[in-house]
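Working notes, structure below.
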Amino acid sequence: MSNIQDQVVIITGASSGIGEATAKELASKGAKLVLAARREDRLETLQEEIQNHGGQAIYKVTDVTSNEQMEELAEFALQTFGKIDVLINNAGLMPNSFLYMKKIDDWNKMIDVNIKGVLYGIAAVLPSMRERKSGHIINISSVAGHFVGAGSAIYAGTKFAVRAISEGLRKEEFGNNIRSTIISPGMVKSELTESITVKEFKQAVDQMYEGAIESESIARAIAFAIEQPSDVAINEMIIRPTNQER
Ligand SMILES: NC(=O)c1ccc[n+]([C@@H]2O[C@H](COP(=O)([O-])OP(=O)(O)OC[C@H]3O[C@@H](n4cnc5c(N)ncnc54)[C@H](OP(=O)(O)O)[C@@H]3O)[C@@H](O)[C@H]2O)c1
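Heads up, the sequence shown is in the UniProt record's numbering, so the first residue is 1 and it goes up one at a time.
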């Protein structure tokens, strides 16, 4: 039996890309999924697909930029399954642009979703994890959490922040038997580039992403981190396409 069997896993951003692939991977290994995102039709379809394959999943429409909605999501998981074993803070967006373009709406969205969303997620699950002295929080950073490129100053800033927050979380909570994992993907096929609002940027990034790997590659890495024995913490993984230089 897999270590993932019967683990209750909340996934934010489960409606597409890495989140969706991870939901399917973990469901196939027996996890009880709590799917969250804003697009209800996508969540409903995913739930049905998982259930049709014999898996267990519930969903709740959730905007990660709302602390209240994140608390309600954690409560929903606790009410339904009685515990939260894993939170995967995966929701994110990447509307890259140059600083001089002053895309303040895009900056704010990235800060709200990529940083505050992660913080609200952590805050929502920590009380029950601390009480049970058991839990695992997986935060999706990026290669952009290690290197900054022109045009990705804000996105990289949010992903550096995710790594800093994750390391702080690890230092604060290892004594409560709560594991912390940073997953830093390189280029992965998903809907991520749809969030780019500057046409020339989107074209250039889409071209670069022709070498991207499947979301399932990241899903397998996440499953690997979860299925370790509880005294083993995979603290960070970088997963790139083999042919990605930086
Ligand atoms: N693809 C890559 O190359 C790559 C590389 C490194 C890191 N990442 C990171 O991987 C994570 C997943 O991205 P992806 O590549 O799978 O892209 P994606 O297909 O665009 O998925 C993003 C997910 O985030 C959700 N989301 C966005 N804003 C949200 C909000 N306010 N509240 C709740 N959910 C929200 C979206 O769902 P709704 O729109 O339905 O809410 C969607 O499910 C992100 O954190 C991204 O930064 C991706």
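Ideal placement from N, C-alpha and C gives every residue a C-beta, glycine not left out. The structure displayed is predicted, hence computed values, not measured ones.
Beta-carbon proximity of residue i to residue j, cut-off 8 Å
i	j	result
Asn96	Phe201	yes
Ala219	Thr22	yes
Ile111	Thr181	no
Arg163	Gly186	no
Ile84	Ser128	yes
residue 256	Ile154	Nothing in the structure corresponds to residue 256, since the chain is present only between 1 and 246.
Glu227	Asn3	yes
Thr197	Lys102	no
Val86	His53	no
Backbone secondary structure at residue i - three-state DSSP
i	result
Glu236	strand
Ser217	helix
Thr12	strand
Val118	helix
Val205	helix
Arg38	coil
Lys83	coil
Lys103	coil
Ile58	strand
Rounded separation between residue i and residue j - CA only
i	j	result
Ile122	Arg130	11 Å
Lys29	Gly55	9 Å
Ile239	Thr65	27 Å
Ser190	Val118	20 Å
Ile178	Glu72	21 Å
Ala74	Val125	6 Å
Ile183	Ile222	7 Å
Ile138	Glu216	16 Å
Gln51	Ala57	7 Å
Phe174	Ala225	16 Å
Gln203	Val188	16 Å
Tyr59	Thr80	11 Å
Glu236	Ala27	23 Å
Ala150	Leu192	18 Å
Met6	Gly168	In the sequence on display, residue 6 carries Asp and not Met. Distance between the alpha carbons of Asp6 and Gly168 is about 28 Å.
Gln69	Ile115	16 Å
Contact test: residue i Cβ vs ligand 1 heavy atom, cutoff 7 Å
i	result
Gly19	yes
Ile37	In the sequence under discussion, the amino acid at residue 37 is Ala, which differs from the Ile named in the question. Answer for Ala37: yes, Cβ within range of ligand 1.
Met129	no
Ile196	no
Asn114	yes
Asn90	yes
Asp85	no
Glu191	yes
Val188	yes
Gly13	yes
Gly121	no
With contact counted as at least three CB pairs below 8 Å, one residue from each stretch, are the segment 33 to 49 and the segment 5 to 14 in contact?
They touch, by the three-pair rule.
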